[in-house]
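Those letters in the sequence shown? Residues 11 to 476, per my numbering, in order. For every residue, glycine included, the Cβ atom is placed at its ideal position computed from N, Cα and C. What follows is a short report on a single structure.
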Amino acid sequence: MTNAEPAGANGLDQIFDVLIVGGGLGGLALAVGLGHLPGLNWLLVEAADELRTATGTLIGVGANGLHALECLDPRIVENVKKYAQVGTRAEGHVRPADPAGEPEVNAMPLSQQLHTIRWGATQRVLAELVEPSRVRCGHKCRGYTVDEAAGHVAVHFKDKPDIKARLVIGADGVRSVMRSSMCPSDPGPRFLGYMNWNAVRHVPGSSSAAGSDVIKTIRDSKTDFSIMVYIINAGCDYQFWQVRMTSASPCFTNGGSGGGGVPGSKARVMQRLQQLGWQDIMQEVEATDESAIYERAMWDRLPLPAWSAAGGHVVLLGDAAHAMYSGPGQGARTAFEDAHQMFLAIKQHWPNPAAIAAQYEEARVHRASIIQNYAAGMANLAGLSSDINAFWQQLHPDTPDADGRTERFREFQLWLNSYPEKMHGLPGSKYTSPEALKAFVEHCAAATAQHSASQQHMPSSKISCA
């Protein structure tokens, strides 16, 4: 390891030990950990002109995410808990076609507490623990080239000089340019069959009100989830709402590309809720300024068999490696697991990138593939989602489907929260034994290939920043 500080304006030819590309939650969490490795010369670069603080969404941090963050720096967990709301119960509401009818409500206690917190608040918690001189914003990645003889990688940026490093970690999100450069034949982000509108608004007293510990979902049907609504307290008197509608293809308001404050997006959501007669949800949306509402199409990425290239000099982390449907609520948590495992691998094996990548991939690739495929089964992928779910029915044909879904959800939560002791499955369990999960991943790989023609992927022009 070197003792050099991050290169400044006069040190552009310096070769860093580690370069993190992407200043989202996973990249920042790893940066906090690297700050505890004396002598390691590292840098984090972010495409945006400043670290984002507003996304109109929240994350749920369960036991697996808390454990990973605690190992990186106990102050992360301490500060997350200051801003988070503690969820203890889940309620699923199925509303009848007649708005005057009574909804069917399925309530269950959570197996472990869930800390729900605004994405932006989490970002700030992490960023405050990173030395500012280690972060450079305004660096839009355009890919990389490898100098095998010299043992380093040059990362290229739009209108910025290259930055060289011995280990480059691509944490640049679902539209990862690093992943596209690593895997040119990868088909890009996959559309999940949903359009999404969400916002976080300040509601004084909401975090201490009755029911503030409830994770609430509302659907219009038991079998055809054409619209889903989530109402969750995000801590510190912030309320999160999300309206999710099925869509045959990405369909943005006024032919735009989504984002925050899209003109007409609020009216679009209100019109659909009006059609359903969901006056209570309309009130929630009506009370939100349109500038605070974010419109998005929902995407994931196909599981990769490997997350590294160039002899371990380049690796992927977070959504760049395993973007997934948000249904199970594991996106941020798996990114925190990634950051923890990458930190451990660097700590143990530096300066050997090949050994770092091998340990990291052994800990992460299979587990993340399981979670990605489990999430895809909850999405709206024509043919594929039902094919994925069919695996579980074939595994236990004597268990009624509704009972199996409930059992499976609870067992998956137990397995996920057992991190890091039972990384690849719970021995002897019904659905999440290592053997069952291995067979599940194999089934999903074959099903994904079978249904590839019906899956929509984002054009490469939407990924590149050039």
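Select from the options the residue whose C-alpha is nearest the C-alpha of residue i.
{"i": "Ser191", "options": "Gly153, Trp207, Arg185 and Gly32", "result": "Gly153"}
{"i": "Phe26", "options": "Ala175, Pro106 and Ala373", "result": "Ala175"}
{"i": "Ser396", "options": "Asp108, Thr458, Phe353 and Met433", "result": "Thr458"}
{"i": "Val213", "options": "Asp172, Asp157, Leu139 and Gln293", "result": "Gln293"}
{"i": "Gln249", "options": "Tyr240, Thr256, Ala463 and Met255", "result": "Tyr240"}
{"i": "Glu480", "options": "Pro315, Met308, Ala307 and Lys276", "result": "This structure cannot speak to residue 480, because the chain is shown only from 11 to 476."}
{"i": "Ala209", "options": "Ile242, Leu76 and Gln340", "result": "Ile242"}
{"i": "Ile127", "options": "Leu286, Val71, Ala160 and Leu76", "result": "Val71"}
{"i": "Glu431", "options": "Arg420, Phe419 and Pro444", "result": "Pro444"}
{"i": "Gly43", "options": "Leu136, Ala368 and Ser121", "result": "Leu136"}
{"i": "His406", "options": "Gly287, Leu120 and Ala446", "result": "Ala446"}
{"i": "Ala540", "options": "Ile69, Gly33 and Ala456", "result": "Because residue 540 is not part of the residues shown, which for the chain are 11 to 476, the question remains open."}
{"i": "Gly215", "options": "Leu394, Ala244, Trp129 and Arg134", "result": "Ala244"}
{"i": "Arg99", "options": "His46, Asp223, Pro315 and Ser231", "result": "Asp223"}
{"i": "Asp172", "options": "Met433, Asp23 and Lys92", "result": "Asp23"}
{"i": "Asp290", "options": "Trp251, His166 and Ala164", "result": "Trp251"}
{"i": "Asn264", "options": "Arg278, Ala258 and Met255", "result": "Arg278"}
{"i": "Thr442", "options": "Val115, Trp309, Arg418 and Pro469", "result": "Arg418"}
{"i": "Pro361", "options": "Arg146, Leu54 and Gly161", "result": "Gly161"}
{"i": "Arg144", "options": "Ala320, His323 and Gly45", "result": "Gly45"}
{"i": "His323", "options": "Gly341, Thr298, Ala364 and Asn399", "result": "Ala364"}
{"i": "Arg146", "options": "Val55, Glu138 and Val87", "result": "Val55"}
{"i": "Val140", "options": "Gly130, Tyr93 and Ile86", "result": "Ile86"}
{"i": "Arg254", "options": "Ser267, Trp207, Asp299 and Lys91", "result": "Trp207"}
{"i": "Pro315", "options": "Lys91, Ala455, Asp157 and Ala41", "result": "Ala455"}
Which residues in the same chain as residue i place their Cβ atom closer than 6 Å to its Cβ, once the five residues preceding and following it in sequence are excluded?
{"i": "Ala78", "result": "Phe346, Glu347 and His350"}
{"i": "Arg229", "result": "Val104, Phe235 and Met238"}
{"i": "Ala412", "result": "none"}
{"i": "Pro109", "result": "Gly287"}
{"i": "Thr155", "result": "Ala164"}
{"i": "Ala319", "result": "Met192"}
{"i": "Met118", "result": "Ala100"}
{"i": "Val325", "result": "Ile179, Trp317, Ser318 and Ala367"}
{"i": "Lys448", "result": "none"}
{"i": "Leu426", "result": "Asn74"}
{"i": "Leu283", "result": "Ile291 and Met292"}
{"i": "Gln423", "result": "Ser121"}
{"i": "Tyr93", "result": "Ile127, Ala131, Gly245 and Cys246"}
{"i": "Ala14", "result": "For Ala14, the predicted model reports a pLDDT of 43, less than 50, meaning its position is unreliable and no value from the coordinates is stated."}
{"i": "Asn116", "result": "Gly102"}
Are the beta-carbon atoms belonging to residue i and residue j less than 8 Å from one another?
{"i": "Asp329", "j": "Gly97", "result": "no"}
{"i": "Gly198", "j": "Leu327", "result": "no"}
{"i": "Leu312", "j": "Arg189", "result": "no"}
{"i": "Ser217", "j": "Gln404", "result": "no"}
{"i": "Val178", "j": "Leu29", "result": "yes"}
{"i": "Leu391", "j": "Gln465", "result": "yes"}
{"i": "Ala302", "j": "Gly66", "result": "yes"}
{"i": "Leu47", "j": "Ile356", "result": "yes"}
{"i": "Glu371", "j": "Trp317", "result": "yes"}
{"i": "Ile69", "j": "Trp129", "result": "yes"}
{"i": "Leu394", "j": "His461", "result": "yes"}
Please report the Cβ distance between residue i and residue j, rounded to the nearest whole angstrom; I am assuming they are in contact, meaning their Cβ atoms lie under 8 Å.
{"i": "Met205", "j": "Cys261", "result": "6 Å"}
{"i": "Gln122", "j": "Leu38", "result": "With 8 Å as the limit, Gln122 and Leu38 do not qualify as a contact, their Cβ atoms being about 24 Å apart."}
{"i": "Val272", "j": "Val165", "result": "About 32 Å; that fails the 8 Å criterion."}
Who are the Cβ neighbours of residue i in its own chain at under 7 Å, not counting the five residues just before and after it?
{"i": "Gly269", "result": "Tyr304 and Glu305"}
{"i": "Ser428", "result": "Leu436"}
{"i": "Arg415", "result": "none"}
{"i": "Arg343", "result": "Val71, Gly72, Asn74 and Gly75"}
{"i": "Thr12", "result": "Per-residue confidence for Thr12 stands at a pLDDT of 35, beneath the threshold of 50, marking its modelled position as unreliable; the derived number appears in the next sentence. Within the same chain, Thr12 has close Cβ partners Asp27, Gly49 and Asn51."}
{"i": "Trp309", "result": "Val184, Pro199, Arg200, Phe201, Leu202, Ala333 and Met468"}
{"i": "Ala17", "result": "Low local confidence applies: a pLDDT of 46 at Ala17 is under 50, so the model's placement there is unreliable, and no value is given."}
{"i": "Gly221", "result": "none"}
Leaving aside the five residues before and after residue i along the sequence, list all residues of the same chain whose C-beta is less than 8 Å from its C-beta, in chain order.
{"i": "Val451", "result": "Pro313, His376, Ser379, Ile380 and Asn383"}
{"i": "Cys475", "result": "Only weak support is given to the placement of Cys475: the predicted model assigns it a pLDDT of 38, under 50, and the value that follows is read from those uncertain coordinates. Closer than 8 Å at Cβ, skipping near neighbours: Ala57, Lys150, Cys151, Arg152, Lys168 and Val187."}
{"i": "Ala258", "result": "Gly203"}
{"i": "Pro113", "result": "His103, Val104, Arg105, Pro106 and Ile228"}
{"i": "Glu421", "result": "Leu436, Ser439, Lys440, Tyr441 and Thr442"}
{"i": "Ala19", "result": "Unreliable positioning characterises Ala19 in this predicted model, as indicated by a pLDDT of 41, which lies under 50. The coordinate reading is nonetheless provided below. Same-chain partners within the cutoff: there are none."}
{"i": "Ser231", "result": "Val104"}
For the structure I just gave you, are there three or more beta carbon pairs, one from the stretch 324–343 and one from the stretch 385–392, closer than 8 Å? yes
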